[in-house]
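K.L.:
For what it's worth, the numbering used here labels the leading residue of the sequence shown as 1019, then goes sequentially. For glycine and all other residues, C-beta sits at the position ideal for the given N, C-alpha and C. All of these numbers come straight from a predicted model, not from anything done at the bench. Here it is, the structure, as C-alpha coordinates.
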Amino acid sequence: MDARGRADAASTTPPDLAGAAVLVAGAGVSGLAAAAALVELGARVTVTDAVPDRLTDLPAGAQAGGDPDAVPPGTALIVTSPGRRPDHPLVTAAAAAGVPLVGEPELAWWIGQSRPVPPEWLVVTGTNGKTTTVGMLASILRAAGRDAVACGNIGYTVIDAVRAGHPVLAVELSSFQLHWSPSIRPAAGCVLNVADDHLDWHGSMAEYAAAKARALLGPVAIAGADDPAAAALLAASPAPRRVGVTLGEPGPDQLGVVQDVLVDRAFGGGKLVAASAVHPGGAPGVTDALAAAALARAAGVGPDAVRAGLDDFRPGPHRGADIATVAGVRFVDDSKATNPHAAAASLTAQAPAQVVWIVGGLLKGAKVDELVARHAGRLRAAVVIGTDRAEILTALARHAPDVPVAEVTAGNDGPMMTAVRRGAALARQGDVVLLAPAAASMDQFVDYADRGRAFAEAVAGLQPRPGEAR
(Lines of atoms letter the chains of each structure in order from A and count residues from 1; the text may use other names and numbers.)
(Lines give C-alpha, C1' and ligand atoms only; values in the text may rest on other atoms or scores of the structure.)
Protein backbone atom coordinates (compact mmCIF):
# COMPACT_ATOMS: atom_id res chain seq x y z
CA MET A 1 0.00 0.00 0.00
CA ASP A 2 1.16 3.56 -0.70
CA ALA A 3 1.08 6.55 1.61
CA ARG A 4 -2.66 7.01 1.11
CA GLY A 5 -3.37 3.37 1.84
CA ARG A 6 -4.02 2.55 -1.80
CA ALA A 7 -3.74 -1.16 -2.41
CA ASP A 8 -1.92 -2.26 -5.55
CA ALA A 9 -1.96 -5.59 -7.32
CA ALA A 10 1.67 -6.36 -6.53
CA SER A 11 1.11 -6.08 -2.78
CA THR A 12 -2.05 -8.20 -2.70
CA THR A 13 -1.04 -11.52 -4.21
CA PRO A 14 -3.66 -13.92 -2.82
CA PRO A 15 -2.18 -15.73 0.17
CA ASP A 16 -2.88 -19.34 1.07
CA LEU A 17 -5.71 -18.72 3.52
CA ALA A 18 -6.00 -22.23 4.95
CA GLY A 19 -4.80 -21.89 8.54
CA ALA A 20 -3.91 -18.22 8.04
CA ALA A 21 -4.80 -15.58 10.62
CA VAL A 22 -7.16 -13.13 8.94
CA LEU A 23 -8.57 -9.97 10.46
CA VAL A 24 -11.98 -8.81 9.23
CA ALA A 25 -12.22 -5.12 10.10
CA GLY A 26 -15.89 -4.23 10.34
CA ALA A 27 -18.89 -6.36 11.29
CA GLY A 28 -21.32 -4.92 8.78
CA VAL A 29 -23.02 -6.89 6.01
CA SER A 30 -19.89 -7.26 3.87
CA GLY A 31 -17.67 -8.00 6.85
CA LEU A 32 -19.86 -10.80 8.16
CA ALA A 33 -20.13 -12.29 4.67
CA ALA A 34 -16.35 -12.16 4.29
CA ALA A 35 -15.86 -13.76 7.72
CA ALA A 36 -18.18 -16.65 6.83
CA ALA A 37 -16.35 -17.25 3.56
CA LEU A 38 -12.95 -17.13 5.24
CA VAL A 39 -14.03 -19.68 7.84
CA GLU A 40 -15.09 -21.98 4.97
CA LEU A 41 -11.60 -21.57 3.50
CA GLY A 42 -10.05 -22.73 6.77
CA ALA A 43 -8.73 -19.37 7.92
CA ARG A 44 -8.49 -18.38 11.57
CA VAL A 45 -10.82 -15.40 11.55
CA THR A 46 -10.95 -12.49 13.98
CA VAL A 47 -13.57 -9.77 13.57
CA THR A 48 -13.28 -6.28 15.03
CA ASP A 49 -15.61 -3.30 14.97
CA ALA A 50 -15.71 0.16 16.51
CA VAL A 51 -19.15 -0.76 17.90
CA PRO A 52 -18.60 -3.78 20.19
CA ASP A 53 -22.30 -4.71 20.19
CA ARG A 54 -21.97 -5.68 16.53
CA LEU A 55 -19.62 -8.52 17.50
CA THR A 56 -22.23 -10.56 19.36
CA ASP A 57 -23.56 -12.56 16.36
CA LEU A 58 -20.55 -13.63 14.34
CA PRO A 59 -20.43 -16.55 11.88
CA ALA A 60 -19.61 -19.87 13.50
CA GLY A 61 -15.85 -20.28 13.70
CA ALA A 62 -15.05 -16.56 13.83
CA GLN A 63 -13.98 -14.85 17.04
CA ALA A 64 -14.40 -11.30 18.27
CA GLY A 65 -11.28 -9.16 18.50
CA GLY A 66 -10.34 -6.15 20.57
CA ASP A 67 -8.82 -2.88 19.41
CA PRO A 68 -10.42 -2.00 16.03
CA ASP A 69 -7.39 0.13 15.07
CA ALA A 70 -4.72 -2.51 15.75
CA VAL A 71 -3.22 -5.31 13.68
CA PRO A 72 -2.97 -8.48 15.82
CA PRO A 73 0.45 -10.18 15.75
CA GLY A 74 0.71 -12.87 13.09
CA THR A 75 -2.04 -11.44 10.87
CA ALA A 76 -1.59 -12.53 7.25
CA LEU A 77 -4.43 -10.54 5.70
CA ILE A 78 -6.92 -7.82 6.59
CA VAL A 79 -10.33 -7.57 4.91
CA THR A 80 -11.70 -4.10 5.52
CA SER A 81 -15.18 -2.62 5.30
CA PRO A 82 -15.40 -0.38 2.22
CA GLY A 83 -15.96 2.83 4.15
CA ARG A 84 -12.60 2.74 5.96
CA ARG A 85 -10.62 5.69 4.66
CA PRO A 86 -7.04 5.40 3.39
CA ASP A 87 -5.83 7.55 6.30
CA HIS A 88 -7.49 5.37 8.97
CA PRO A 89 -5.14 4.24 11.79
CA LEU A 90 -5.70 0.57 10.92
CA VAL A 91 -4.64 1.20 7.33
CA THR A 92 -1.51 2.96 8.53
CA ALA A 93 -0.76 0.13 10.95
CA ALA A 94 -1.25 -2.49 8.22
CA ALA A 95 1.15 -0.67 5.89
CA ALA A 96 3.75 -0.41 8.65
CA ALA A 97 3.44 -4.14 9.40
CA GLY A 98 3.48 -5.13 5.71
CA VAL A 99 0.09 -6.83 5.99
CA PRO A 100 -2.07 -6.80 2.81
CA LEU A 101 -5.40 -5.02 3.26
CA VAL A 102 -8.23 -5.55 0.78
CA GLY A 103 -11.99 -5.27 0.51
CA GLU A 104 -14.72 -7.91 0.38
CA PRO A 105 -15.08 -7.73 -3.45
CA GLU A 106 -11.35 -8.45 -3.79
CA LEU A 107 -11.73 -11.54 -1.60
CA ALA A 108 -14.74 -12.58 -3.69
CA TRP A 109 -12.62 -12.20 -6.83
CA TRP A 110 -9.89 -14.43 -5.39
CA ILE A 111 -12.40 -17.12 -4.47
CA GLY A 112 -14.08 -17.00 -7.86
CA GLN A 113 -10.79 -17.11 -9.77
CA SER A 114 -9.76 -20.23 -7.86
CA ARG A 115 -12.66 -22.21 -9.34
CA PRO A 116 -12.43 -24.30 -12.52
CA VAL A 117 -14.94 -21.99 -14.22
CA PRO A 118 -14.76 -18.52 -12.63
CA PRO A 119 -17.92 -16.40 -12.66
CA GLU A 120 -18.24 -13.69 -15.27
CA TRP A 121 -18.14 -10.22 -13.71
CA LEU A 122 -19.98 -7.34 -15.40
CA VAL A 123 -19.12 -4.27 -13.32
CA VAL A 124 -20.85 -0.90 -13.10
CA THR A 125 -19.51 2.16 -11.32
CA GLY A 126 -19.98 5.92 -11.57
CA THR A 127 -21.03 8.82 -9.43
CA ASN A 128 -24.69 8.25 -10.29
CA GLY A 129 -26.91 5.67 -11.93
CA LYS A 130 -25.08 2.56 -10.72
CA THR A 131 -28.00 0.82 -9.03
CA THR A 132 -30.42 1.52 -11.87
CA THR A 133 -27.92 0.28 -14.47
CA VAL A 134 -27.16 -2.89 -12.52
CA GLY A 135 -30.88 -3.54 -12.13
CA MET A 136 -31.41 -3.08 -15.86
CA LEU A 137 -28.47 -5.35 -16.61
CA ALA A 138 -29.72 -8.10 -14.31
CA SER A 139 -33.18 -7.86 -15.92
CA ILE A 140 -31.63 -8.21 -19.38
CA LEU A 141 -29.52 -11.18 -18.33
CA ARG A 142 -32.55 -12.93 -16.85
CA ALA A 143 -34.50 -12.25 -20.04
CA ALA A 144 -31.68 -14.01 -21.89
CA GLY A 145 -32.04 -17.06 -19.63
CA ARG A 146 -28.75 -16.46 -17.83
CA ASP A 147 -28.30 -17.55 -14.21
CA ALA A 148 -27.33 -14.04 -13.15
CA VAL A 149 -27.70 -11.95 -10.02
CA ALA A 150 -27.28 -8.28 -9.11
CA CYS A 151 -24.80 -7.86 -6.27
CA GLY A 152 -22.20 -5.61 -4.72
CA ASN A 153 -23.02 -2.16 -3.42
CA ILE A 154 -26.78 -2.88 -3.41
CA GLY A 155 -27.13 -5.02 -0.28
CA TYR A 156 -26.32 -8.51 -1.62
CA THR A 157 -22.58 -8.95 -1.26
CA VAL A 158 -20.40 -10.13 -4.11
CA ILE A 159 -18.88 -12.81 -1.90
CA ASP A 160 -22.34 -14.26 -1.15
CA ALA A 161 -23.13 -14.27 -4.87
CA VAL A 162 -19.87 -16.10 -5.60
CA ARG A 163 -20.47 -18.61 -2.79
CA ALA A 164 -23.97 -19.24 -4.19
CA GLY A 165 -22.42 -20.29 -7.49
CA HIS A 166 -24.02 -17.79 -9.87
CA PRO A 167 -22.07 -17.92 -13.15
CA VAL A 168 -22.81 -14.31 -14.16
CA LEU A 169 -22.61 -11.36 -11.78
CA ALA A 170 -24.02 -7.89 -12.42
CA VAL A 171 -21.82 -6.07 -9.92
CA GLU A 172 -22.26 -2.54 -8.59
CA LEU A 173 -19.01 -1.27 -7.12
CA SER A 174 -18.48 2.04 -5.35
CA SER A 175 -15.25 3.99 -5.52
CA PHE A 176 -14.48 2.76 -1.98
CA GLN A 177 -14.87 -0.87 -3.01
CA LEU A 178 -12.75 -0.40 -6.13
CA HIS A 179 -10.04 1.35 -4.11
CA TRP A 180 -9.64 -1.75 -1.94
CA SER A 181 -9.96 -4.25 -4.85
CA PRO A 182 -6.82 -4.03 -7.00
CA SER A 183 -6.99 -7.43 -8.73
CA ILE A 184 -10.49 -7.31 -10.22
CA ARG A 185 -10.54 -7.52 -14.01
CA PRO A 186 -14.19 -7.74 -15.10
CA ALA A 187 -15.18 -9.32 -18.37
CA ALA A 188 -16.76 -5.94 -19.07
CA GLY A 189 -16.78 -2.86 -16.90
CA CYS A 190 -18.53 0.49 -17.16
CA VAL A 191 -17.93 3.98 -15.75
CA LEU A 192 -21.18 5.88 -16.20
CA ASN A 193 -19.99 9.31 -15.09
CA VAL A 194 -17.57 11.01 -12.72
CA ALA A 195 -18.44 14.14 -10.72
CA ASP A 196 -17.42 15.62 -7.39
CA ASP A 197 -18.33 13.14 -4.65
CA HIS A 198 -16.59 11.48 -1.70
CA LEU A 199 -13.70 13.91 -2.01
CA ASP A 200 -13.41 13.92 1.78
CA TRP A 201 -12.67 10.17 1.54
CA HIS A 202 -10.39 10.07 -1.50
CA GLY A 203 -8.59 13.36 -0.89
CA SER A 204 -8.84 14.66 -4.45
CA MET A 205 -10.80 14.35 -7.65
CA ALA A 206 -7.82 12.61 -9.27
CA GLU A 207 -7.82 9.87 -6.61
CA TYR A 208 -11.59 9.47 -6.91
CA ALA A 209 -11.37 9.11 -10.71
CA ALA A 210 -8.46 6.68 -10.39
CA ALA A 211 -10.60 4.43 -8.20
CA LYS A 212 -13.43 4.49 -10.74
CA ALA A 213 -10.97 3.70 -13.54
CA ARG A 214 -10.27 0.28 -12.02
CA ALA A 215 -13.57 -0.87 -13.54
CA LEU A 216 -12.04 -0.41 -17.00
CA LEU A 217 -9.09 -2.82 -16.71
CA GLY A 218 -10.71 -5.92 -18.24
CA PRO A 219 -11.18 -7.00 -21.87
CA VAL A 220 -14.12 -4.62 -22.54
CA ALA A 221 -14.30 -1.06 -21.18
CA ILE A 222 -17.49 0.96 -21.47
CA ALA A 223 -18.12 4.57 -20.43
CA GLY A 224 -20.49 7.48 -20.83
CA ALA A 225 -19.13 9.35 -23.83
CA ASP A 226 -21.18 12.45 -22.99
CA ASP A 227 -19.46 12.80 -19.61
CA PRO A 228 -16.01 14.37 -20.14
CA ALA A 229 -14.40 12.75 -17.11
CA ALA A 230 -15.76 9.29 -17.88
CA ALA A 231 -14.80 9.67 -21.55
CA ALA A 232 -11.24 10.56 -20.51
CA LEU A 233 -11.02 7.42 -18.37
CA LEU A 234 -12.22 5.35 -21.33
CA ALA A 235 -9.63 6.90 -23.63
CA ALA A 236 -6.90 6.04 -21.11
CA SER A 237 -8.12 2.50 -20.47
CA PRO A 238 -5.80 -0.37 -21.46
CA ALA A 239 -8.80 -2.52 -22.43
CA PRO A 240 -8.49 -4.16 -25.88
CA ARG A 241 -12.04 -3.02 -26.67
CA ARG A 242 -13.44 0.38 -25.68
CA VAL A 243 -17.11 1.25 -26.16
CA GLY A 244 -18.90 4.53 -25.54
CA VAL A 245 -22.56 5.21 -24.85
CA THR A 246 -24.11 8.51 -25.91
CA LEU A 247 -27.47 10.22 -26.08
CA GLY A 248 -26.50 11.35 -29.57
CA GLU A 249 -26.14 9.35 -32.76
CA PRO A 250 -23.58 6.62 -32.07
CA GLY A 251 -20.33 6.09 -33.88
CA PRO A 252 -19.04 2.65 -34.92
CA ASP A 253 -17.80 1.83 -31.39
CA GLN A 254 -20.80 3.22 -29.55
CA LEU A 255 -24.38 2.69 -28.50
CA GLY A 256 -26.61 5.73 -28.82
CA VAL A 257 -29.96 7.13 -29.84
CA VAL A 258 -31.30 7.60 -33.35
CA GLN A 259 -34.78 9.04 -33.81
CA ASP A 260 -35.89 8.04 -30.27
CA VAL A 261 -34.53 4.50 -30.61
CA LEU A 262 -31.59 2.99 -28.72
CA VAL A 263 -29.14 1.67 -31.31
CA ASP A 264 -26.13 -0.64 -30.96
CA ARG A 265 -23.37 0.05 -33.47
CA ALA A 266 -20.55 -1.40 -31.34
CA PHE A 267 -21.69 -5.03 -31.20
CA GLY A 268 -23.87 -5.12 -34.32
CA GLY A 269 -27.18 -5.27 -32.49
CA GLY A 270 -28.91 -2.54 -34.48
CA LYS A 271 -32.15 -1.14 -33.08
CA LEU A 272 -32.82 -2.20 -29.47
CA VAL A 273 -35.78 -0.37 -27.90
CA ALA A 274 -37.61 2.94 -28.10
CA ALA A 275 -36.12 5.55 -25.77
CA SER A 276 -39.65 6.51 -24.73
CA ALA A 277 -40.15 2.96 -23.40
CA VAL A 278 -37.20 3.15 -20.97
CA HIS A 279 -37.95 3.42 -17.25
CA PRO A 280 -36.94 5.66 -15.57
CA GLY A 281 -37.41 8.15 -18.37
CA GLY A 282 -35.33 11.14 -19.28
CA ALA A 283 -31.70 11.45 -20.24
CA PRO A 284 -30.22 9.75 -17.16
CA GLY A 285 -32.48 6.70 -17.54
CA VAL A 286 -31.68 6.35 -21.24
CA THR A 287 -27.94 6.60 -20.54
CA ASP A 288 -28.25 3.88 -17.89
CA ALA A 289 -30.18 1.69 -20.34
CA LEU A 290 -27.52 2.15 -23.01
CA ALA A 291 -24.81 1.19 -20.52
CA ALA A 292 -26.73 -1.90 -19.38
CA ALA A 293 -27.30 -2.87 -22.99
CA ALA A 294 -23.60 -2.44 -23.80
CA LEU A 295 -22.55 -4.66 -20.88
CA ALA A 296 -25.09 -7.31 -21.86
CA ARG A 297 -24.06 -7.22 -25.52
CA ALA A 298 -20.41 -7.56 -24.44
CA ALA A 299 -21.49 -10.73 -22.61
CA GLY A 300 -23.08 -12.11 -25.78
CA VAL A 301 -26.73 -11.33 -25.00
CA GLY A 302 -28.89 -10.84 -28.08
CA PRO A 303 -30.90 -7.71 -28.98
CA ASP A 304 -34.25 -9.38 -28.27
CA ALA A 305 -33.26 -10.09 -24.66
CA VAL A 306 -32.00 -6.52 -24.28
CA ARG A 307 -35.38 -5.27 -25.42
CA ALA A 308 -37.31 -7.66 -23.18
CA GLY A 309 -35.15 -6.96 -20.14
CA LEU A 310 -35.50 -3.19 -20.45
CA ASP A 311 -39.25 -3.53 -21.01
CA ASP A 312 -39.54 -5.53 -17.77
CA PHE A 313 -37.38 -3.27 -15.61
CA ARG A 314 -38.81 -0.75 -13.17
CA PRO A 315 -36.62 1.46 -10.94
CA GLY A 316 -36.38 0.91 -7.21
CA PRO A 317 -37.85 3.23 -4.58
CA HIS A 318 -36.55 6.73 -3.83
CA ARG A 319 -35.37 7.25 -7.41
CA GLY A 320 -37.67 9.89 -8.83
CA ALA A 321 -40.81 8.24 -7.46
CA ASP A 322 -44.11 10.12 -7.66
CA ILE A 323 -45.49 10.08 -4.12
CA ALA A 324 -48.75 12.01 -4.49
CA THR A 325 -50.41 15.06 -6.01
CA VAL A 326 -51.86 17.43 -3.42
CA ALA A 327 -53.69 20.62 -4.39
CA GLY A 328 -52.34 20.32 -7.92
CA VAL A 329 -48.73 19.97 -6.72
CA ARG A 330 -46.72 16.82 -7.42
CA PHE A 331 -44.44 15.49 -4.69
CA VAL A 332 -41.45 13.53 -6.00
CA ASP A 333 -39.04 11.43 -3.91
CA ASP A 334 -35.52 11.30 -5.32
CA SER A 335 -33.78 10.78 -1.98
CA LYS A 336 -31.19 8.65 -3.82
CA ALA A 337 -29.86 11.92 -5.32
CA THR A 338 -27.10 12.02 -2.70
CA ASN A 339 -24.69 14.32 -4.56
CA PRO A 340 -24.90 17.40 -6.80
CA HIS A 341 -24.52 15.41 -10.02
CA ALA A 342 -27.55 13.28 -9.19
CA ALA A 343 -29.57 16.28 -8.05
CA ALA A 344 -28.85 18.03 -11.35
CA ALA A 345 -30.30 15.09 -13.26
CA SER A 346 -33.33 15.04 -10.97
CA LEU A 347 -34.01 18.74 -11.41
CA THR A 348 -33.67 18.43 -15.18
CA ALA A 349 -36.14 15.54 -15.26
CA GLN A 350 -38.93 17.73 -13.82
CA ALA A 351 -39.05 20.08 -16.83
CA PRO A 352 -41.14 21.96 -17.77
CA ALA A 353 -42.60 22.27 -14.24
CA GLN A 354 -41.22 24.74 -11.71
CA VAL A 355 -39.64 23.10 -8.68
CA VAL A 356 -39.75 23.68 -4.96
CA TRP A 357 -36.47 22.00 -4.10
CA ILE A 358 -35.88 20.26 -0.77
CA VAL A 359 -32.09 20.11 -0.52
CA GLY A 360 -29.38 19.47 2.05
CA GLY A 361 -27.65 17.00 4.31
CA LEU A 362 -23.96 16.00 4.33
CA LEU A 363 -22.16 17.33 1.24
CA LYS A 364 -19.06 15.13 1.76
CA GLY A 365 -16.77 17.82 0.38
CA ALA A 366 -18.81 18.41 -2.80
CA LYS A 367 -19.59 21.94 -4.03
CA VAL A 368 -23.07 23.12 -5.02
CA ASP A 369 -22.42 26.50 -6.69
CA GLU A 370 -22.48 25.14 -10.23
CA LEU A 371 -25.58 23.07 -9.50
CA VAL A 372 -27.50 26.08 -8.16
CA ALA A 373 -26.32 28.41 -10.91
CA ARG A 374 -27.30 26.00 -13.67
CA HIS A 375 -30.77 25.27 -12.31
CA ALA A 376 -31.78 28.56 -10.67
CA GLY A 377 -34.19 29.32 -13.49
CA ARG A 378 -36.34 26.27 -12.80
CA LEU A 379 -36.68 26.92 -9.05
CA ARG A 380 -39.91 28.26 -7.57
CA ALA A 381 -38.34 28.09 -4.13
CA ALA A 382 -35.87 26.07 -2.06
CA VAL A 383 -36.20 24.46 1.36
CA VAL A 384 -32.79 23.78 2.93
CA ILE A 385 -32.27 21.06 5.53
CA GLY A 386 -29.35 19.23 7.12
CA THR A 387 -25.96 19.84 8.62
CA ASP A 388 -24.29 21.53 5.62
CA ARG A 389 -27.02 24.15 5.16
CA ALA A 390 -24.64 27.11 5.21
CA GLU A 391 -22.90 26.26 1.94
CA ILE A 392 -26.21 25.65 0.16
CA LEU A 393 -27.73 28.84 1.52
CA THR A 394 -24.67 30.79 0.37
CA ALA A 395 -24.88 29.30 -3.13
CA LEU A 396 -28.59 30.13 -3.37
CA ALA A 397 -27.98 33.71 -2.23
CA ARG A 398 -25.15 34.11 -4.76
CA HIS A 399 -26.68 32.40 -7.81
CA ALA A 400 -30.45 32.51 -7.21
CA PRO A 401 -31.05 35.71 -5.20
CA ASP A 402 -34.67 36.03 -6.34
CA VAL A 403 -35.63 32.48 -5.32
CA PRO A 404 -37.51 32.30 -1.98
CA VAL A 405 -35.61 30.17 0.52
CA ALA A 406 -36.81 28.48 3.71
CA GLU A 407 -34.21 27.16 6.16
CA VAL A 408 -35.28 24.25 8.35
CA THR A 409 -33.31 24.20 11.58
CA ALA A 410 -35.81 22.27 13.66
CA GLY A 411 -39.41 21.15 13.73
CA ASN A 412 -41.80 19.80 16.32
CA ASP A 413 -42.65 16.90 14.01
CA GLY A 414 -39.11 16.39 12.69
CA PRO A 415 -37.14 18.17 9.95
CA MET A 416 -38.77 16.43 7.00
CA MET A 417 -42.33 17.13 8.11
CA THR A 418 -41.41 20.79 8.53
CA ALA A 419 -39.63 20.84 5.16
CA VAL A 420 -42.56 19.30 3.31
CA ARG A 421 -45.06 21.69 4.89
CA ARG A 422 -42.94 24.69 3.98
CA GLY A 423 -42.43 23.33 0.48
CA ALA A 424 -46.16 22.84 0.01
CA ALA A 425 -46.82 26.38 1.18
CA LEU A 426 -44.33 27.79 -1.34
CA ALA A 427 -45.58 25.73 -4.31
CA ARG A 428 -48.17 26.75 -6.87
CA GLN A 429 -50.55 24.53 -8.80
CA GLY A 430 -48.61 22.62 -11.45
CA ASP A 431 -45.33 22.79 -9.53
CA VAL A 432 -43.25 19.89 -8.23
CA VAL A 433 -42.01 19.65 -4.66
CA LEU A 434 -38.83 17.64 -5.22
CA LEU A 435 -36.73 15.87 -2.62
CA ALA A 436 -33.34 15.74 -4.38
CA PRO A 437 -30.97 16.56 -1.51
CA ALA A 438 -27.62 16.62 -3.37
CA ALA A 439 -26.18 15.32 -0.10
CA ALA A 440 -25.91 12.25 2.08
CA SER A 441 -28.55 11.59 4.72
CA MET A 442 -26.77 10.29 7.80
CA ASP A 443 -26.84 13.58 9.69
CA GLN A 444 -30.61 13.35 10.25
CA PHE A 445 -31.67 9.92 8.92
CA VAL A 446 -30.47 6.34 8.97
CA ASP A 447 -29.88 6.36 5.21
CA TYR A 448 -31.36 7.73 2.00
CA ALA A 449 -34.23 5.21 2.16
CA ASP A 450 -35.16 6.40 5.64
CA ARG A 451 -35.08 9.98 4.37
CA GLY A 452 -37.35 9.03 1.46
CA ARG A 453 -39.79 7.27 3.78
CA ALA A 454 -39.90 10.35 6.00
CA PHE A 455 -40.71 12.45 2.94
CA ALA A 456 -43.55 10.12 1.88
CA GLU A 457 -44.97 10.09 5.41
CA ALA A 458 -44.86 13.88 5.54
CA VAL A 459 -46.63 14.16 2.19
CA ALA A 460 -49.29 11.74 3.42
CA GLY A 461 -49.87 14.06 6.35
CA LEU A 462 -50.69 17.07 4.19
CA GLN A 463 -54.31 18.15 4.11
CA PRO A 464 -55.80 18.73 0.65
CA ARG A 465 -57.72 21.87 -0.06
CA PRO A 466 -61.51 21.61 0.37
CA GLY A 467 -63.12 19.61 -2.40
CA GLU A 468 -59.83 18.36 -3.87
CA ALA A 469 -58.68 14.75 -3.67
CA ARG A 470 -55.11 13.88 -2.96
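What's the gap between the Cα of G1205 and the Cα of V1402?
P.N.:
Working through the sequence shown from its first residue, we reach residue 1205 at position 187. Working through the sequence shown from its first residue, we reach residue 1402 at position 384. Note that residue 1205 is Ala in the sequence shown, not Gly. Spanning the two alpha carbons is a distance of roughly 43 angstroms.
K.L.:
Which of the three DSSP states is assigned to A1310 in this structure?
P.N.:
As a first step, residue 1310 must be located in the sequence shown, where it is residue number 292. In the structure shown, A1310 sits in a helix (DSSP, three-state: H, G or I).
K.L.:
Can you tell me whether DSSP reads I1341 as helix, strand or coil?
P.N.:
As a first step, residue 1341 is located in the sequence shown; it is residue number 323 there, counting from the start. I1341: strand per DSSP, three-state reduction.
K.L.:
Span of the beta strand (DSSP E) holding W1198?
P.N.:
Here residue 1198 corresponds to residue number 180 of the sequence shown, with the count starting at 1. That residue, W1198, is in no beta strand (DSSP E); it is neither H nor E in DSSP.
K.L.:
Using only alpha-carbon positions, find the residue among D1306, A1231, G1448 that is nearest to A1293.
P.N.:
Locating residue 1293 in the sequence shown gives position 275, where the first residue counts as 1. Cα-wise, what sits closest to A1293 is D1306.
K.L.:
For the structure I just gave you, are there three or more beta carbon pairs, one from the region 1034-1053 and one from the region 1103-1122, closer than 8 angstroms?
P.N.:
Enough Cβ pairs lie closer than 8 angstroms, so yes.
K.L.:
In or out: A1369 buried (at least 16 other Cβ within 10 Å) or exposed?
P.N.:
Numbered from 1 along the sequence shown, position 351 holds the residue referred to as residue 1369. Classification of A1369: exposed, given that the 10 Å Cβ count is below 16.
K.L.:
Assign R1160 to one of two classes, buried (16 or more other C-beta atoms within 10 Å of its C-beta) or exposed (fewer than that).
P.N.:
Your numbering for residue 1160 matches position 142 in the sequence shown. R1160 comes out buried.
K.L.:
Let me confirm a value: A1182 is counted as buried when at least 16 other C-beta atoms fall within 10 Å, else exposed. Which label applies?
P.N.:
Start at 1 with the first residue of the sequence shown, and residue 1182 comes out as number 164. So A1182 counts as exposed.
K.L.:
Under the assumption that M1435 contacts L1328 (Cβ atoms under 8 angstroms), give the Cβ distance between them as a whole number of angstroms.
P.N.:
The residue given as residue 1435 occupies position 417 in the sequence shown. The residue given as residue 1328 occupies position 310 in the sequence shown. In fact, because the Cβ distance is near 37 angstroms, the residues do not count as touching under 8 angstroms.
K.L.:
Between A1039 and the rest of its own chain, which residues show a CB-CB distance below 6 angstroms, the 5 nearest in sequence each way excluded?
P.N.:
Numbered from its first residue, the sequence shown carries residue 1039 at position 21. R1062, G1092, T1093, A1094.
K.L.:
Buried or exposed: E1267, going by 16 or more other Cβ atoms within 10 Å of its Cβ?
P.N.:
Here the question's residue 1267 lines up with position 249 in the sequence shown. E1267 is exposed by the Cβ-count criterion.
K.L.:
Please state whether DSSP places A1285 in a helix, a strand or coil.
P.N.:
Residue mapping note: residue 1285 aligns to position 267 of the sequence shown, counting from 1. Note on identity: in this sequence residue 1285 is Phe, with Ala being the wrong assignment. F1285: coil per DSSP, three-state reduction.
K.L.:
Thinking just about the alpha-carbon of each residue, which of Q1277, G1288, A1342 is nearest to the one in V1324?
P.N.:
In the sequence shown, the residue the question calls residue 1324 occupies position 306. Taking only the C-alpha atoms, the option nearest V1324 is G1288.
K.L.:
If you reduce the DSSP assignment to three classes, tell me which class V1212 lands in.
P.N.:
Here residue 1212 refers to the residue found at position 194 when the sequence shown is read from its first residue. Note: V1212 maps to coil in three-state DSSP.
K.L.:
Which residue marks the beginning of the beta strand (DSSP E) containing D1351, and which one marks its end?
P.N.:
Walking along the sequence shown from the start, residue 1351 turns up at place 333. Start and end: 1347-1351.
K.L.:
Taking the CB atoms as reference points, tell me whether P1455 and A1355 lie closer together than 9 angstroms.
P.N.:
Numbered from 1 along the sequence shown, position 437 holds the residue referred to as residue 1455. Numbered from 1 along the sequence shown, position 337 holds the residue referred to as residue 1355. Yes, the pair counts as a contact, with Cβ atoms nearer than the cut-off.
K.L.:
In three-state terms, what does DSSP make of L1076?
P.N.:
By one-based count along the sequence shown, residue 1076 stands at place 58. It is coil, neither helix nor strand.
K.L.:
Is DSSP giving A1051 helix, strand or coil here?
P.N.:
As a position in the sequence shown, residue 1051 is number 33, starting the count at 1. The answer is helix: DSSP assigns A1051 an H, G or I state.
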